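Chemist: One structure, pasted below without further comment.
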Amino acid sequence: MRLLRFYRSSVGKKAVVGVTGAIMIGFLLLHAYGNLHAYFGAEEINDYSYWLRSFASHLFGYGGFLWIVRVIVGGALVLHVVTIFLLIRQNRRARPVGYRKKSRRHRTIVGLTMLISGLLILTFVVLHILQFTSGTLQPTPFYEKDGMGIVYINLYEAFQVWWIALCYVTAVALVCFHIYHGAWSFFQTLGYNNADRNNFFRGIAVALSLGLFLSFASVPVLFWSGVMPTPASVPASSSNAPQQVDAPTATNHLTIVSERGR
Ligand code: HEM
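Residue numbers (the working numbering): -16 to 245.
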């Protein structure tokens, strides 16, 4: 009951937006760390993807831990979005008085940019999961084994195409812009908007968003520019016939892959 009363208040909603945002940033830090495995070769990142699914499998079964993460992050995303819309409605009804005109206009512009970037990010996440996780959307061939995408070769194929690499860098820039403003306004909500601490917290917001940008954006850039090695099993022919190919860096759990989308 007390929790619900807190949620009904504007401060409560801002706190929920901040905490759910922090959960998603936690996921992104983990995701960026996972992506960096690509720098060490196909085997490293494919193994990492397998590890994600087999982690604590004696407790939750194969893929169980990943599903727990998906439910937590998905729940945080839904709560984040719903609360933002409730907050917008609440703020509209409250019709704030006392702000100087310029300050109110600035807040409206920042709020609108956050809303638009948030909606674009949501669209990106849906398309991204359909491309790399389920393989439903295949602008380039999707390789899989036992229903699980083979990460390195899928990244390699996708980021040979300049506009896909560019879309990813743009999307990641949007995500980091959103995180920068989100983190900054979260600190203000927590009441840390104090002249002495502002530089420190702005520094944290910049380091977080810039660090995430560089680690995410470097992946499409390095694949597109040819720095990342070609996986051994990319078929030399551009035949459209579906085929079975040997996995590039065979580990005992990734030996034969099927290729869809050609
Ligand atoms: C250049 C940047 C990115 C690359 C190269 C990338 C790559 C990938 C890959 C390969 C997968 C599939 C992993 C697997 O099946 O083991 C994946 C999953 C996913 N990515 Fe990304 N990603 C990037 C950025 C992002 C961003 C910015 C977000 C969120 C805003 C995001 C959210 C997700 C989600 C939610 C999944 C699904 C995880 C799951 O349930 O299995 N990714 N990503």
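Even for Gly, the Cβ is constructed at its ideal location relative to N, Cα and C. Since the structure is predicted, the reported quantities are computational estimates derived from the model, not experimental observations.
On the criterion of 16 or more Cβ atoms from any shown chain inside 10 Å, does W167 qualify as buried, or is it exposed?
Modeler: It counts as buried.
Chemist: On a Cα-Cα basis, can you pick out the residue from H89, I71, T153 and A215 that is closest to R(-9)?
Modeler: When only C-alpha atoms are compared, the closest one is I71.
Chemist: Using a Cβ-Cβ cutoff of less than 7 Å, which residues in the same chain neighbour F196 once the five nearest sequence positions on both sides are dropped?
Modeler: Around F196: V155, A156 and C159.
Chemist: Identify whether G132 lies in helix, strand or coil by the three-state DSSP scheme.
Modeler: Looking at G132 - three-state DSSP - the assignment turns out to be strand.
Chemist: Indicate the three-state DSSP secondary structure (helix, strand or coil) for F38 in the structure shown.
Modeler: Here F38 sits in coil by DSSP.
Chemist: For the candidate residues I147, T123 and I55, whose alpha-carbon lies nearest to that of T3?
Modeler: Nearest of I147, T123 and I55 to T3, Cα basis: I55.
Chemist: The alpha helix (DSSP H) that contains Q73, what's its start and end?
Modeler: Q73 -> alpha helix (DSSP H) spans G47 to A77.
Chemist: Can you find the residues in the same chain that come closer than 7 Å, C-beta to C-beta, to S100, ignoring five residues on each side of it along the sequence?
Modeler: Hits under 7 Å: L157, F160 and H161.
Chemist: What's the call for H41, buried or exposed, on a 16-neighbour Cβ count within 10 Å?
Modeler: Flag for H41 reads exposed.
Chemist: Quick check: what's the CA-CA separation for L12 versus G1?
Modeler: One C-alpha to the other measures close to 16 Å.
Chemist: Relative to the ligand HEM, is the shortest distance from any of its heavy atoms to the C-beta of T116 smaller than 8 Å?
Modeler: At least one heavy atom of the ligand HEM is nearer than 8 Å to the Cβ of T116, so yes.
Chemist: Kindly list the residues whose CB is nearer than 6 Å to the CB of K(-3), restricted to its own chain and excluding five residues on each side of it in sequence; keep chain order.
Modeler: Correct list, in chain order: T172.
Chemist: Quick check on I67: buried or exposed, where buried means 16 or more other Cβ atoms within 10 Å of its Cβ?
Modeler: The residue in question, I67, is buried, as its Cβ has 16 or more Cβ neighbours within 10 Å.
Chemist: If you reduce the DSSP assignment to three classes, tell me which class G1 lands in.
Modeler: Correct three-state label for G1: helix.
Chemist: For V(-1), verify whether its CB is less than 8 Å away from any heavy atom of the ligand HEM.
Modeler: Result no, Cβ not under 8 Å from the ligand HEM.
Chemist: Classify A233 as helix, strand or coil using the three-state DSSP reduction.
Modeler: The predicted model places A233 with a pLDDT of 34, which falls under 50 and marks its position as unreliable; any figure quoted below should be read in that light. Looking at A233 - three-state DSSP - the assignment turns out to be strand.
Chemist: On a CA-only basis, which of R88, L110, V144 and G186 is nearest G209? Give me that one, please.
Modeler: If we check each option's Cα against that of G209, V144 comes out closest.
Chemist: According to the Cβ coordinates, are P122 and I147 closer than 9 Å?
Modeler: Contact flag set, yes.
Chemist: Run through DSSP, which three-state label would F170 get?
Modeler: Three-state result, F170: helix.
Chemist: Where S(-7) and G118 are concerned, what is the direct C-alpha to C-alpha distance, given to the nearest angstrom?
Modeler: One C-alpha to the other measures close to 40 Å.
Chemist: Figure out for me which residue from F142, L105 and A188 has the closest Cα to the Cα of P203.
Modeler: Closest option to P203, Cα to Cα, is F142.
Chemist: Run the CB neighbour count on Y45, radius 10 Å, all protein chains shown included, and call it buried at 16 or more, exposed below.
Modeler: With fewer than 16 other Cβ atoms within 10 Å, it is exposed.
Chemist: Could you give the DSSP three-state label for F125: helix, strand or coil?
Modeler: It is a strand residue.
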